[in-house]
Amino acid sequence: MTWWAFGSRDSLANARGRRGIVIGLTLVGASIGGNVFSTLAWILL
């Protein structure tokens, strides 16, 4: 009951926090993917 009340009251803050986490993970993943791609290109080409 407490978690439900807390979640409904702060749902916007939670959504914003989750969006920030997703954006951060996406940027990190893109950075790692770019490094892997450039490394493979350097090895293969």
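Position one of the sequence shown corresponds to residue 48 (our numbering), numbered consecutively onward.
Positions of the beta carbon are idealized from the N, C-alpha and C atoms, including for glycine.
What you are looking at is a predicted structure, and each value in this text was computed from that prediction instead of being measured.
Separation of residue j from residue i, as counted between CA atoms
i   : j   : result
L91 : A77 : 21 Å
F84 : A60 : 36 Å
G81 : R63 : 27 Å
W89 : V69 : 30 Å
Sequence-distant residues of its chain with Cβ nearer than 8 Å to residue i (five each side left out)
i   : result
G67 : none
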